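Okay, structure first, notes after.
Number of protein chains: 2
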Amino acid sequence: MTKIAIAGAGAMGSRIGSYIKQAGYDVTLIDTWPDHVQAINNKGLEVQTETNTYIVDIPAVLPKDVTGAFDLIIILTKSMQSEEMIHQLKDKGAIHQDTAILTMMNGLGHDERFAKIVPREQVFLAVTMWTAGMRGPGQILLEGQGSIELQRADGQADQRTETINQIFNDAGLNSKISDNVFQSIWSKATLNSVLNPLCSILNKTIYEFGSYEHARAMVTPVIDEIVAVAKARNVELDGAALLEKIEAAYPKETQGLHYPSMHQDLYNGRYTEVDYLNGQISKYGREANIPTPNNDMLTHLIHQLEMRYVK
Amino acid sequence: MTKIAIAGAGAMGSRIGSYIKQAGYDVTLIDTWPDHVQAINNKGLEVQTETNTYIVDIPAVLPKDVTGAFDLIIILTKSMQSEEMIHQLKDKGAIHQDTAILTMMNGLGHDERFAKIVPREQVFLAVTMWTAGMRGPGQILLEGQGSIELQRADGQADQRTETINQIFNDAGLNSKISDNVFQSIWSKATLNSVLNPLCSILNKTIYEFGSYEHARAMVTPVIDEIVAVAKARNVELDGAALLEKIEAAYPKETQGLHYPSMHQDLYNGRYTEVDYLNGQISKYGREANIPTPNNDMLTHLIHQLEMRYVK
Chain A
1 MTKIAIAGAG AMGSRIGSYI KQAGYDVTLI DTWPDHVQAI NNKGLEVQTE TNTYIVDIPA
61 VLPKDVTGAF DLIIILTKSM QSEEMIHQLK DKGAIHQDTA ILTMMNGLGH DERFAKIVPR
121 EQVFLAVTMW TAGMRGPGQI LLEGQGSIEL QRADGQADQR TETINQIFND AGLNSKISDN
181 VFQSIWSKAT LNSVLNPLCS ILNKTIYEFG SYEHARAMVT PVIDEIVAVA KARNVELDGA
241 ALLEKIEAAY PKETQGLHYP SMHQDLYNGR YTEVDYLNGQ ISKYGREANI PTPNNDMLTH
301 LIHQLEMRYV K
Chain B
1 MTKIAIAGAG AMGSRIGSYI KQAGYDVTLI DTWPDHVQAI NNKGLEVQTE TNTYIVDIPA
61 VLPKDVTGAF DLIIILTKSM QSEEMIHQLK DKGAIHQDTA ILTMMNGLGH DERFAKIVPR
121 EQVFLAVTMW TAGMRGPGQI LLEGQGSIEL QRADGQADQR TETINQIFND AGLNSKISDN
181 VFQSIWSKAT LNSVLNPLCS ILNKTIYEFG SYEHARAMVT PVIDEIVAVA KARNVELDGA
241 ALLEKIEAAY PKETQGLHYP SMHQDLYNGR YTEVDYLNGQ ISKYGREANI PTPNNDMLTH
301 LIHQLEMRYV K
């Protein structure tokens, strides 16, 4: 895998891309934000960590200016922009018959959507605990550590999975090959499907949300619906463990003082990813004839708020 | 029924009380707001209508200053203050063994709560379409027309029902005796349980709420739960007709430009009546083993917002 692209080089894409680049690989950042692309090309990517600031020289390009094909394309756009991105890359000849297309985005159903555009055996899934923040065009803020799990979307073994895993570990990204990546994806999506919409609807920090005396009674039915829908799709989730993880985020000492990312999207006037979280759960629920009233309602409430806040 | 009291003489209580007083009856307003009581006693109740303003001379009193017993007490406090009011009136000797205690408040379950304080055969239920607004202490704003339906809470015929109905009609309040007042109460509570919490959570007018393309998909499950819970309590509701009524409120020409009363309570820093609407439906649902996930979630969301807004 000589040529690697990060398609969607926001904070997370820039973090992953810069780590791989620093490990000596040929990495290109692809992003639709002209100021960001220009800044990276003019001054390099400026990385600020808890302890210092440094520059990573890495090429960046708009999708329309992509040339040549890539062996590995890591998709880290916003969920709703990912299909358009893949279409553009396909049109530009950036995808060859062995290109591994790896989504590391939050949310559910990306593999199915991607498999409508490229052969399913080229689709790989990853879930990550790495995070990152954007400071401005060409500038990212990196805190904490993370990990990655990955697997080919159809569950088949593949030499490319080994290679991608090696690249990630060369880059210090703490990666491992999973034999059940869907479980990890669904577990993360469950956490996101609870705190993201609820804190967004209420305009509350995670701590403020968790301070409500009936917070457990409020989140449990949302989790239960997701567990039931996952089960119908042969994904076994541990509802009690997920509840515990959610409640572990409440204290001010953990994640309590933060607003979830959906809150940041919404109140900054951007569409949220609710259709890839609660909305996708509702969709899978309808397909499996499992009622998902809580996820339906949360999806509707977020869409109602998008009507107000999205510019 | 020579002596009549309105317990809870806010906008609605003052409207009903002033109409009955003007019909020549002996009416006393009882309210917990000292400025309001004082203004009414000093200057009379100032009534502003669409066409003129006039003064109604009517005595007003704080609960602690009530003397003597009443034959009819019409309860129009906020739902959460009604039990305390009845306890106070009972302690002051204002309730004798034939006193008719008539609740005209919105919401569900008042009859059961009242029957724990006074004998059930003294409890009467009314539902009204009259509305009123408060302009300030001793000042109310009256628009539009309304009607009243009433019945003894246990469904039994009672000469007092006839008498109260006569008093209301003498006062021009367009009253009739119902043989199924619960159906009317539940129908009104359904409308209030849909638009009140949703417009409050979203901080939207009724029109803004109704402009969402999936508004029908959003409100229908809430209605369905209420219809199911009502049925378990032998109250037959027409879900399709209720949906139609709700949707008839969306246009700007009808009620679209208004915020529901719960919105006004919440954003003015007052506790809402959600526990007497969605919360009561959830409670009845649990008793009847009928799931009410939408009403549960709406109740929790409103309580979460009360944590923020109530002073």
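Here the protein sequences line up with chains A and B, keeping their order.
The first sequence begins at 1 in UniProt numbering and counts up one residue at a time.
The second sequence begins at 1 in UniProt numbering and counts up one residue at a time.
Virtual Cβ for every residue (Gly too), placed ideally from N, Cα, C.
These figures come from a predicted structure and were not determined experimentally.
Neighbour list for residue i in chain B, Cβ cutoff strictly below 8 Å
{"i": "A/LEU305", "result": "LEU202"}
{"i": "A/MET80", "result": "Within 8 Å Cβ-Cβ: nothing; A/MET80 doesn't reach chain B, min ~17 Å."}
Under 9 Å by beta carbon: chain A residues contacting residue i
{"i": "B/ASN294", "result": "PRO293, ASN294, ASP296, MET297"}
Minimum Cβ-Cβ distance from residue i to chain A less than 8 Å
{"i": "B/MET262", "result": "no"}
{"i": "B/HIS300", "result": "yes"}
8 Å Cβ cut-off: residues of chain A touching residue i
{"i": "B/HIS214", "result": "HIS300, HIS303"}
{"i": "B/PRO221", "result": "PRO293, ASP296, MET297"}
{"i": "B/MET105", "result": "None at all; the shortest Cβ gap to chain A is about 25 Å."}
8 Å Cβ cutoff, residue i in contact with chain B
{"i": "A/MET218", "result": "yes"}
Cβ neighbour criterion (16 or more within 10 Å) applied to residue i
{"i": "A/ALA232", "result": "exposed"}
{"i": "B/TYR250", "result": "buried"}
{"i": "A/LEU102", "result": "buried"}
{"i": "A/ASN295", "result": "buried"}
{"i": "B/ASP275", "result": "buried"}
{"i": "A/MET262", "result": "buried"}
{"i": "A/ALA217", "result": "exposed"}
{"i": "B/ASN42", "result": "exposed"}
{"i": "A/GLN151", "result": "buried"}
{"i": "A/LEU257", "result": "exposed"}
{"i": "A/PRO293", "result": "buried"}
{"i": "A/ARG15", "result": "buried"}
{"i": "B/GLY210", "result": "buried"}
{"i": "B/ASN268", "result": "exposed"}
{"i": "A/ILE55", "result": "exposed"}
{"i": "B/HIS96", "result": "exposed"}
{"i": "B/ASN196", "result": "buried"}
{"i": "A/THR77", "result": "buried"}
{"i": "A/GLU287", "result": "exposed"}
{"i": "A/GLY13", "result": "buried"}
{"i": "A/PRO63", "result": "buried"}
{"i": "B/ASN106", "result": "buried"}
{"i": "A/ALA7", "result": "buried"}
{"i": "B/ALA240", "result": "exposed"}
{"i": "A/PRO119", "result": "exposed"}
**Request:** Decide if the segment 165-173 of chain A is in contact with the segment 18-38 of chain A; the criterion is three or more beta carbon pairs, one per stretch, under 8 Å apart.
**Result:** yes
**Asked** Between the segment 276-288 of chain A and the segment 267-282 of chain B, do at least 3 Cβ pairs fall closer than 8 Å?
**Response** no
**Request:** Report yes or no: do the segment 24-34 of chain B and the segment 289-308 of chain A share at least 3 C-beta pairs separated by less than 8 Å?
**Result:** no
**Request:** Decide if the segment 153-162 of chain A is in contact with the segment 188-198 of chain A; the criterion is three or more beta carbon pairs, one per stretch, under 8 Å apart.
**Result:** no
**Asked** Pairing CB atoms from the segment 244-258 of chain A with CB atoms from the segment 200-220 of chain A, are three or more of them under 8 Å?
**Response** yes
**Prompt:** Is it a yes or a no for the segment 113-129 of chain A touching the segment 172-186 of chain A, going by three-plus beta-carbon pairs under 8 Å?
**Reply:** yes
**Asked** So, do the segment 192-206 of chain B and the segment 109-117 of chain B have three or more beta carbon pairs nearer to each other than 8 Å?
**Response** no
**Message:** Does the segment 79-92 of chain A come into contact with the segment 136-154 of chain A, if we say contact requires no fewer than three beta-carbon pairs (one atom in each stretch) closer than 8 Å?
**Reply:** no
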